[in-house]
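To keep things clear, I will list the structure first and then write my remarks on it.
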Amino acid sequence: MEGRIKNLKEYKEFRKIFEIFKYYPFYEAWKEQDFKDEFSYLKNNGEIFGWYLNNEEIIGLVSLIYGAKTSHPVSFSNPDKMMYLSDIAVLDKYRGQGVGGNLLDFAINYTNLLKYYEAMYLRTNLNGSMSEGIARSRGFEIIRNNNKIITEEVSFPRTNQDISETDTRKFLIKRL
Ligand SMILES: CC(C)(COP(=O)(O)OP(=O)(O)OC[C@H]1O[C@@H](n2cnc3c(N)ncnc32)[C@H](O)[C@@H]1OP(=O)(O)O)[C@@H](O)C(=O)NCCC(=O)NCCS
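Using our numbering, read the sequence shown as starting at 8 and increasing by one per residue.
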């Protein structure tokens, strides 16, 4: 697929990609203000990069946060030297063509270039994760404590009432 990755500046572009979280398999009931808050949070604490087709249409994004998030149940000896890969998302109809992998490679290269970070980490579904395959193929490993996978229970209001509000996440790390 031809296109390029560049800094995502427009809220409406972010909003277009984040819309996917309202539908299968996430069904997270985001309100308009939630999208705005998330965009500001990412802009103030990290970076958002978009994947653009040659006609400038955005089809995916990756976002990074500088430093480990204190809310996560993982402890790092140098939390400020961790890069948190917050989101990686590609519009449904463009998946399976290397765009997600391309965004992940970009995020790793970008973090390496800063020459400050010791590792990157991300949070993903305990089971049925869509990002685990591309992450593992790039050297990410599941974070464990005494051989036990570290997990976090997260809860979201859902757009589909048949889906439980709670699900379980795990963490993957890549040393740089
Ligand atoms: C994860 C995601 C960004 C990958 O984007 P992509 O452009 O399809 O990625 P690529 O084409 O580079 O690679 C596709 C990989 O995804 C995997 N994949 C695709 N759909 C999947 C699914 N439903 N379940 C599990 N893995 C899936 C494939 O195994 C493939 O890996 P492979 O190349 O080793 O076979 C995309 O699936 C997505 O946007 N998912 C929804 C958002 C999400 O779950 N993000 C991660 C948490 S923030």
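Here a beta-carbon is modelled for each residue, glycine too, at the ideal position from N, C-alpha and C.
Short check: CB of residue i to CB of residue j, under 9 Å?
i    : j    : result
M89  : Y34  : no
V81  : I157 : yes
S93  : L120 : no
L71  : F21  : no
T131 : L179 : yes
G146 : R182 : yes
I65  : I115 : no
W37  : K50  : no
Y91  : G53  : yes
A126 : F83  : yes
I95  : I149 : no
Confirm the yes/no value for this check: CB of residue i, any heavy atom of ligand 1, distance under 8 Å.
i    : result
N220 : The shown model of the chain, from 8 to 183, leaves out residue 220, and the question about it has no answer.
R2   : Since the first residue of the chain shown is 8 and the last is 183, residue 2 is not available in this structure.
A96  : yes
V106 : yes
E139 : yes
T77  : no
R102 : yes
I27  : yes
G53  : no
V67  : The residue asked about is misnamed: residue 67 is Gly in this sequence, not Val. Within the cutoff, so yes.
T175 : no
S171 : no
T118 : no
T166 : no
G192 : Any answer about residue 192 is impossible in this case: the structure gives the chain only from 8 up to 183.
G135 : yes
T158 : no
Which whole-angstrom value is the C-beta distance of residue i and residue j, which I expect to be below 8 Å?
i    : j    : result
N87  : G103 : Looking at the sequence shown, residue 87 is not Asn but Asp. Not confirmed; about 36 Å, so no contact.
E9   : N61  : 6 Å
L98  : F56  : So it is not a contact: roughly 15 Å between Cβ atoms.
E160 : H79  : Not quite, the Cβ-Cβ distance comes to about 12 Å (not below 8 Å), so this is no contact.
Opposite residue i in the DSSP bridges: which residues?
i    : result
Y96  : With the sequence shown as reference, residue 96 is identified as Ala, and Tyr is not the correct amino acid for it. DSSP output for A96 lists L68 as bridge partner(s).
Y91  : I72 and Y128
R151 : I156
N119 : None; N119 has no bridge partner.
F11  : Here residue 11 is Arg; the residue named in the question, Phe, does not match the sequence. Bridge partners of R11: Y59.
F178 : R130
G53  : I72
E172 : According to DSSP, which records beta bridges pairwise, E172 is partnered with nothing at all.
S162 : T173
E35  : R165
For chain B, find out if any of its Cβ atoms is closer than 9 Å to the Cβ of residue i; answer yes or no.
i    : result
S171 : The chain labelled as chain B is not found in the depicted structure, where only one protein chain is given.
The segment 107-118 / the segment 41-51 touching (three or more Cβ pairs under 8 Å): no
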